[in-house]
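Below you'll find the structure, written out as structure tokens, and then a few comments.
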Amino acid sequence: MTTLLDVIGPDRDGRVVLTDSGLGGLSICAGLERRLRTAGGGRRFDLVYVNAWPDEGRGYNDLPGDAARAAVFDRALAAMARYRPDLVVIACNTLSVVYEKTDFARSPVAPVTGIVDAGVELFAEALSGDPAATLVLFGTRTTVASGEHVRRLAARGIDPVTMAAWRAMIAGVGFAVIWLIHAMRGRTADGPDLHGTGLESGAAPITSPLRQPVVWLRLVALGLIGVSVFYTALPAAIERGGITLAWVLLYTAPLWVLIGSVSLGWLRPTVRAVTLVLLATGGVALTAAAGGEGVTVSAAAVAWGLAAGLSYASYYLVGRTLVETLGPIR
Numbered sequence: 081m082t083t084l085l086d087v088i089g090p091d092r093d094g095r096v097v098l099t100d101s102g103l104g105g106l107s108i109c110a111g112l113e114r115r116l117r118t119a120g121g122g123r124r125f126d127l128v129y130v131n132a133w134p135d136e137g138r139g140y141n142d143l144p145g146d147a148a149r150a151a152v153f154d155r156a157l158a159a160m161a162r163y164r165p166d167l168v169v170i171a172c173n174t175l176s177v178v179y180e181k182t183d184f185a186r187s188p189v190a191p192v193t194g195i196v197d198a199g200v201e202l203f204a205e206a207l208s209g210d211p212a213a214t215l216v217l218f219g220t221r222t223t224v225a226s227g228e229h230v231r232r233l234a235a236r237g238i239d240p241v242t243m244a245a246w247r248a249m250i251a252g253v254g255f256a257v258i259w260l261i262h263a264m265r266g267r268t269a270d271g272p273d274l275h276g277t278g279l280e281s282g283a284a285p286i287t288s289p290l291r292q293p294v295v296w297l298r299l300v301a302l303g304l305i306g307v308s309v310f311y312t313a314l315p316a317a318i319e320r321g322g323i324t325l326a327w328v329l330l331y332t333a334p335l336w337v338l339i340g341s342v343s344l345g346w347l348r349p350t351v352r353a354v355t356l357v358l359l360a361t362g363g364v365a366l367t368a369a370a371g372g373e374g375v376t377v378s379a380a381a382v383a384w385g386l387a388a389g390l391s392y393a394s395y396y397l398v399g400r401t402l403v404e405t406l407g408p409i410r
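Here it is, written out as structure tokens:
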């Protein structure tokens with residue numbers, strides 16, 4: 081693993097800017113200061129800590145999207161550049177992920193290192209040393225949605241299907257608890273819940289959705305197709321054809337939604353809807369056929385990618401029936 085001293089260079093003093101979204105990175109800054117005192121070889125280092133928290137009332141995960149997060153962090157990075165650092169350390173997983181999307185990343189004024197790679201190396205080393213071990217990582221939604229930890233661990237030989245299965249199961253347990261609490265509440269035909277009893281004046285309670293077998297069948301179907309198949313098909317498509325091809329085929333989902341909606345009688349096909357879906361599907365086909373660097377077009381890659389798209393479509397095709405039966409979870 082490359083160290084901070086390796087980046088700055090031998091026999092040089094240096095200035096290190098360390099940043100985090102908040103004050104949590106101060107503990108890392110303090111640890112770095114202690115480490116440099118003992119391993120710095122008598123060199124002088126200036127440590128500058130920059131709190132890159134974007135706004136008093138909200139953090140990066142509250143911003144509307146990756147572009148907004150990158151724009152805000154870009155401004156923070158520009159401020160850090162005024163310190164003329166020899167190295168910028170991003171002591172935050174969220175900002176480490178956001179950094180790759182910034183303008184600063186295209187022409188940095190100094191080397192920049194995040195903590196994702198360092199963490200992944202430690203995680204992979206621990207898991208490789210003890211194959212029976214279990215590692216649970218908690219992160220912000222920006223970090224989790226990026227998939228960077230999964231991708232980089234998979235590149236180091238950790239099975240992506242196993243990671244996806246555990247991730248889906250842990251999330252599924254949490255969702256199931258929320259759903260069960262919601263479903264077990266008393267419901268009325270109309271009108272608000274009265275003092276938590278599920279009754280309003282003159283209203284009779286409705287049978288709990290948990291007593292309807294069709295609800296359980298649909299939940300099992302959504303779990304198998306939307307979770308188990310999806311988290312098996314997508315990593316398999318990435319492994320066999322590359323991430324670009326896999327994600328292109330994943331977005332055949334609108335085609336499956338249209339076919340399913342027409343077949344189930346939810347939608348009457350219009351010329352406009354069919355034309356738009358066919359255009360999108362044609363674009364997918366052309367992109368897949370074009371290939372390119374890192375893309376391997378094969379029957380297996382295409383099949384797994386289409387399976388991922390179909391399973392993704394099940395969130396609407398099966399999920400709609402659940403929402404109609406249960407109502408949305410609030």
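Just so we're aligned, residue 81 is where the sequence shown starts under the numbering used here, counting upward by one. Positions of the beta carbon are idealized from the N, C-alpha and C atoms, including for glycine.
Does the beta-carbon distance from residue i to residue j come in below 8 Å?
| i | j | result |
| --- | --- | --- |
| Val177 | Thr118 | no |
| Ser101 | Gly139 | yes |
| Gly321 | Ala393 | no |
| Gly389 | Tyr331 | yes |
| Leu233 | Met249 | no |
| Met160 | Val169 | no |
| Asn141 | Arg221 | yes |
| Ala313 | Ser391 | yes |
| Asn173 | Val196 | yes |
| Ala206 | Leu215 | yes |
| Val192 | Gly306 | no |
| Val309 | Ala245 | no |
| Ala171 | Gly105 | yes |
| Asp154 | Arg124 | no |
| Pro315 | Pro211 | no |
CB-CB under 7 Å to residue i, same chain, minus the five flanking residues each way: which ones, in chain order?
| i | result |
| --- | --- |
| Pro334 | Val357 and Ala360 |
| Gly137 | none |
| Ala381 | Ala317, Arg320, Gly321 and Leu325 |
| Gly385 | Ala317, Gly321, Leu325, Ala326, Leu329 and Leu330 |
Here's a check: name, in chain order, each residue in its chain whose Cβ is nearer than 6 Å to the Cβ of residue i, leaving out the five neighbours to either side.
| i | result |
| --- | --- |
| Val403 | none |
| Ala150 | Val178, Lys181 and Thr182 |
| Ala185 | Tyr179 |
| Ser281 | Confidence in Ser281 is poor, its pLDDT being 49 and thus under 50, which makes the residue's placement unreliable; the coordinate value appears in the next sentence. Correct list: empty, nothing qualifies. |
May I ask you to list the residues that DSSP assigns as paired with residue i?
| i | result |
| --- | --- |
| Asn141 | In the DSSP output, where bridge partners are listed per residue, Asn141 has none listed. |
| Thr242 | For Thr242, which the question treats as bridged, DSSP gives no partner whatsoever. |
| Thr99 | Val130 and Ile170 |
| Gly94 | Phe125 |
| Val192 | Val168 |
Whose C-alpha, out of the options, is nearest the C-alpha of residue i?
| i | options | result |
| --- | --- | --- |
| Val97 | Arg114, Pro165 and Ala156 | Pro165 |
| Leu329 | Val257, Pro188, Pro349 and Val364 | Val364 |
| Ala256 | Ala212, Arg155 and Leu302 | Leu302 |
| Trp296 | Leu406, Arg348 and Ala383 | Leu406 |
| Thr355 | Pro211, Leu338, Trp346 and Gly345 | Leu338 |
Spatial neighbours of residue i within its chain, please: C-beta separation below 8 Å, excluding the five flanking residues on both sides.
| i | result |
| --- | --- |
| Leu112 | Leu84, Val96, Leu98, Leu127 and Val169 |
| Thr376 | Arg320, Gly321, Gly322 and Leu325 |
Segment contact, 8 Å Cβ cut-off, at least three pairs: the segment 123-140 with the segment 196-214: Result no; under three Cβ-Cβ pairs closer than 8 Å.
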